[in-house]
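Asks:
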DNA sequence: GCGCGCACCCAAACCGCTTTGGATGACCGG
DNA sequence: CCGGTCATCCAAAGCGGTTTGGGTGCGCGC
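Protein chains in written order, with our numbering: chain A, 63 to 404; chain B, 63 to 404.
The following block contains the structure:
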């Protein structure tokens, strides 16, 4: 079933059928109706490959899975972010193409991706502070939006990020306000931009409160429950253990809670905990209206929707200055925080 | 940079350049070398849209994200499965196209997907026992492989699944062997095929041991930590509480452990727990060699690799009978199980 | 009655690649 | 010297759409 066969069955030219289907004005209403009816009846759908060869638009967005070596951790945020983004794409008729970027020659990989014309735009995730992909992409002429930021990148580029620094400063301030002075930070991997910003927010708020930062209380690691558990266990054993914890993910927080309770301490009384919550669908912070942890919250899925919309508009207006969007984290008061013990 | 311009710059015809680049035999070795060098030097990459229009192969595989209404849970297994699959695809030069399937007219959605010729094959996930998508796809002429099975589908189709029934029977048998007679099953959503099979395995092993199944001890819900916690808490409050738990995911298990410990009981002594572990990269069962829970384990990422390979071979040999592959879960002995208290 | 504008429709070129079916010479055996 | 074989190369016809640049016929104003 091609445009040509459809046209023949109607006694029309392919041109007219194409124009009828694509909403051009120079087709008689009656003809258009007839064409649409026939298309539906015969189950005609234009071949997107042919169409995009002709139009030059691929109607697809690339999402890059960063070079996952065989045993590396897949970003758990990925699924919900994509689910959100795809809502936006689907509404606009775009598909998602996932590209796995091989480890070594990233630059060449992105260059190939851009040349291939398989996609109209690119969404980058999990940037590092000195991420070189951004400068690279800027020169490639392929619209893109970054989920997160690369702090050391000076040139303007489009991004959507949560205000990590402010969220963690606020969380820290909340804890110092409750009288806590030894506040541990169990952060994500050191190389990630978001982790850097969270650490900065934490440090700034401590400084504000006149508290010296104890490097022994700050950890950077991939965010698993086990990490939270082992770190909290080790910290609990210190001569002067922390009275409060700040964690970069719910999984870490769950591990901390386990260690705390195992040590016979009560969360929210003996020890306080504030976590960041990405709002992942399969990892809720308790139940709606009944949170388990006091948390800063910025739903990743919604950010996916937003980032996708930004990208689509960047594709529609290529010469606009790149937009940026800073999301404020929501504050969720839960039962895991309380006045510092004395 | 098109094939034509490259050919002109070399004083050759597009035909010859194409054949040189694609490894045909009727090109002089010297010519081929010259063409390859020029292609590299000028950064030529064939336009995949044009290529696939000409060849009829899209060099892309479709993965369908099941109709996520706005707040539904995104399958957490998704990310690791795709990461595994994409390793296989990338090695064979295939891309992944994600399609979000709208809720209502699934049939029409799959039909459109097949007609669109945007993909060469389809990978289906999370089937239900009576999943109608399979019969639908069988008639569509698009190669596909199912991750999981649809128990009520009689016609042959390609699938790769873990032996859910056997794994849960084994886990249950392990517990009855330890003297447990009240074994709760905290399963995934009732509508899922895997959950049905797990429940069947559990029931069969109980029957074997001459234990009557108590329906009050079996729950089906989306697999979150909170579900594990609330369910275990409720069960612990029963007049005759269960002495052992079987859970369908690590998140549920973590919730159960919390409830257990909160009740002042010790896991592995007062109460036993066996969980299934999908081997998700960001949700490890403890550390390597140091598991937290006794578990049945079947790494989803590896299954993604396998399923992708099966699909590629189904695409390569369309008239072969569909292959199936049943994965045996590994048994991991952890500290969460022990003899039943008496 | 004529020229013009308008509403419709279409032929043909094109997007960038693959593939079929030769064409062209060089070389070789008889 | 000639037909046949072999190694190379290429023109042209698709693949299935979109788009440019006209046609054609009709109604209308003057």
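We treat Cβ as the ideally placed atom computed from N, Cα and C, and that holds for glycine. As the structure is a computational prediction, the values presented were derived from the model and not from experiment.
(1) Going along chain B, which residues have a C-beta under 9 angstroms from residue 355(A)?
(2) With distance defined between alpha-carbon atoms, name the residue in 193(A), 180(A), 157(A) nearest to residue 168(A).
(3) Which of helix, strand or coil does DSSP assign to residue 63(B)?
(4) Pick helix, strand or coil for residue 220(B), following the three-state DSSP scheme.
(5) Got a sec: is the Cβ-Cβ distance from residue 79(A) to anything in chain B below 9 angstroms?
(6) For chain A, find out if any of its Cβ atoms is closer than 9 angstroms to the Cβ of residue 152(B); answer yes or no.
(7) Within the 9 angstroms Cβ cut-off, does residue 373(A) reach chain B?
(8) Contact check, residue 226(A) vs residue 259(A) under 8 angstroms by CB: the rounded distance?
(9) Using alpha carbons as the reference points, say which of 370(B), 403(B), 387(B), 390(B) lies closest to residue 182(B).
(10) I'd like to check one pair, residue 323(B) with residue 324(A): are the Cβ atoms closer than 9 angstroms?
(11) Comparing alpha-carbon positions, which option in 106(A), 114(A), 134(A) lies nearest residue 283(A)?
(12) Give, in chain order, every residue of the stretch 273-289 of chain A whose Cβ lies closer than 9 angstroms to some Cβ of chain B.
(13) Give a yes or no on whether 9 angstroms exceeds the smallest Cβ distance from residue 302(A) to chain B.
(14) Should residue 110(B) go down as buried or exposed, given a rule of 16 or more other Cβ atoms within 10 Å for buried?
(15) Can you pull out the residues from the stretch 95-118 of chain A whose beta carbon lies closer than 8 angstroms to at least one beta carbon of chain B?
(16) Is the Cβ-Cβ distance between residue 127(B) and residue 90(A) less than 9 angstroms?
(17) Rounded to the nearest angstrom, what separates residue 303(B) and residue 394(A) at their Cα positions?
(18) Nearest-angstrom Cα distance between residue 378(A) and residue 208(A)?
(19) Pull the bridge partners of residue 185(A) from the DSSP assignment, please.
(20) Helix, strand or coil for residue 298(B), going by three-state DSSP, please let me know.
(21) Counting only C-beta atoms, is residue 377(A) closer than 9 angstroms to chain B at any point?
(22) Buried or exposed, going by whether 16 or more other CB atoms sit within 10 Å of the CB of residue 264(A)?
(23) DSSP state of residue 360(A), grouped into three classes?
(24) Beta-carbon of residue 257(B) versus every beta-carbon of chain A: anything under 9 angstroms?
(25) Specify, as a first and last residue, the run of the alpha helix (DSSP H) that residue 148(B) falls within.
(26) With a threshold of 16 other CB atoms inside 10 Å of the CB of residue 75(A), please say whether the residue is buried or exposed.
(27) Exposed or buried, which one is residue 189(B) when buried takes at least 16 other CB atoms within 10 Å?
(28) Excluding the 5 residues flanking residue 348(B) on each side, which residues of the same chain have their C-beta closer than 6 angstroms to its C-beta?
(29) Any chance the stretch 235-251 of chain B sits against the stretch 209-222 of chain B, with 3 or more Cβ pairs inside 8 angstroms?
(30) Assuming residue 84(A) is part of the alpha helix (DSSP H), what are its boundary residues?
(31) Using a Cβ-Cβ distance cut-off of 9 angstroms, determine whether residue 219(A) contacts chain B.
(32) Is there contact between the stretch 96-103 of chain B and the stretch 383-398 of chain A, where contact requires at least three CB pairs shorter than 8 angstroms?
(33) How would you list, in chain order, the residues of chain B whose beta-carbon sits under 7 angstroms from the beta-carbon of residue 136(A)?
(34) Can you check DSSP and say which residues form a bridge with residue 246(B)?
(35) For the stretch 170-186 of chain B, which residues have a beta carbon sitting closer than 9 angstroms to at least one beta carbon of chain A?
(36) Based on Cα-Cα distance, which residue from 104(B), 245(B), 368(B), 220(B) lies nearest to residue 149(B)?
Replies: Quick look at the numbers:
(1) Residue numbering aside, residue 355(A) sits at position 293 when the first chain is read from its first letter. At a beta-carbon threshold of 9 angstroms, none of the residues of chain B lie near residue 355(A); the nearest stands roughly 11 angstroms away.
(2) As a first step, residue 168(A) must be located in the first chain, where it is residue number 106. Of the listed residues, the one whose Cα sits closest to residue 168(A) is 193(A).
(3) As a working note, residue 63(B) is residue 1 in the second chain. Looking at residue 63(B) - three-state DSSP - the assignment turns out to be coil, as it is neither helix nor strand.
(4) Reading the second chain from its first residue, position 158 is the one you call residue 220(B). Looking at residue 220(B) - three-state DSSP - the assignment turns out to be coil, as it is neither helix nor strand.
(5) Counting from one through the first chain, the residue named residue 79(A) turns up at place 17. No, because no Cβ of chain B sits closer than 9 angstroms to the Cβ of residue 79(A).
(6) Here residue 152(B) refers to the residue found at position 90 when the second chain is read from its first residue. Chain A has a Cβ within less than 9 angstroms of the Cβ of residue 152(B).
(7) Numbered from its first residue, the first chain carries residue 373(A) at position 311. No, because no Cβ of chain B sits closer than 9 angstroms to the Cβ of residue 373(A).
(8) Working through the first chain from its first residue, we reach residue 226(A) at position 164. Working through the first chain from its first residue, we reach residue 259(A) at position 197. Going by Cβ atoms, the distance from residue 226(A) to residue 259(A) rounds to 4 angstroms, so yes, they are a contact pair.
(9) Taking the first residue of the second chain as position 1, residue 182(B) is located at position 120. Ranking the options by Cα distance to residue 182(B), first place goes to 370(B).
(10) Within the first chain, residue 324(A) is the residue found at index 262, counting from 1. Within the second chain, residue 323(B) is the residue found at index 261, counting from 1. Result yes, Cβ atoms of residue 324(A) and residue 323(B) sit closer than 9 angstroms.
(11) Translated into positions along the first chain, residue 283(A) becomes position 221. Residue 134(A) is the option with its Cα nearest to residue 283(A).
(12) 284, 285, 286, 287, 288
(13) Position 240 of the first chain, counting from 1, holds the residue named residue 302(A). Closer than 9 angstroms: no.
(14) If you number the second chain from 1, residue 110(B) lands on position 48. Residue 110(B) is buried by the Cβ-count criterion.
(15) 105, 107, 109, 110, 111, 112, 114, 115
(16) If you number the second chain from 1, residue 127(B) lands on position 65. If you number the first chain from 1, residue 90(A) lands on position 28. Result no, Cβ atoms of residue 127(B) and residue 90(A) do not sit closer than 9 angstroms.
(17) Locating residue 303(B) in the second chain gives position 241, counting from the first residue. Locating residue 394(A) in the first chain gives position 332, counting from the first residue. If you take the alpha carbons of residue 303(B) and residue 394(A), they lie about 34 angstroms apart.
(18) If you number the first chain from 1, residue 378(A) lands on position 316. If you number the first chain from 1, residue 208(A) lands on position 146. One C-alpha to the other measures close to 17 angstroms.
(19) For this step, residue 185(A) is matched to residue 123 along the first chain. Looking at the DSSP assignment, residue 185(A) forms a beta bridge with 125(A), 207(A).
(20) To locate residue 298(B), count along the second chain from 1; it is residue 236. In the displayed model, residue 298(B) falls within a helix according to three-state DSSP.
(21) Taking the first residue of the first chain as position 1, residue 377(A) is located at position 315. Not an interface residue.
(22) Reading the first chain from its first residue, position 202 is the one you call residue 264(A). When all chains shown are included, residue 264(A) counts as buried.
(23) The sequence position of residue 360(A) within the first chain is 298, counting from 1. For residue 360(A), the three-state secondary structure derived from DSSP is coil.
(24) For this step, residue 257(B) is matched to residue 195 along the second chain. Chain A contact via Cβ: absent.
(25) Counting from one through the second chain, the residue named residue 148(B) turns up at place 86. According to the DSSP assignment, residue 148(B) belongs to the alpha helix (DSSP H) that extends over 139-154.
(26) Counted from its first residue, the first chain places residue 75(A) at position 13. It counts as exposed.
(27) Stepping through the second chain from its first residue, residue 189(B) is reached at position 127. Under this definition residue 189(B) is a buried residue.
(28) Looking up residue 348(B) in the second chain gives position 286. So the qualifying residues of the chain are 354.
(29) no
(30) As a working note, residue 84(A) is residue 22 in the first chain. In the DSSP assignment, residue 84(A) falls outside any alpha helix (DSSP H) and carries neither an H nor an E.
(31) Start at 1 with the first residue of the first chain, and residue 219(A) comes out as number 157. Taking a beta-carbon distance threshold of 9 angstroms, residue 219(A) does not count as an interface residue toward chain B.
(32) no
(33) One-based indexing of the first chain puts residue 136(A) at position 74. The contacting residues are 141, 142, 145, 343, 344.
(34) On the second chain, residue 246(B) is found 184 positions in, with the first residue counted as 1. 307(B), per the DSSP bridge assignment.
(35) For the stretch 170-186 of chain B, the set of residues with a beta-carbon nearer than 9 angstroms to any beta-carbon of chain A comprises 173, 174, 177, 178, 179, 180, in chain order.
(36) Taking the second chain and counting its residues from 1, the one referred to as residue 149(B) is at position 87. Closest in alpha carbon position to residue 149(B), among 104(B), 245(B), 368(B), 220(B), is 368(B).
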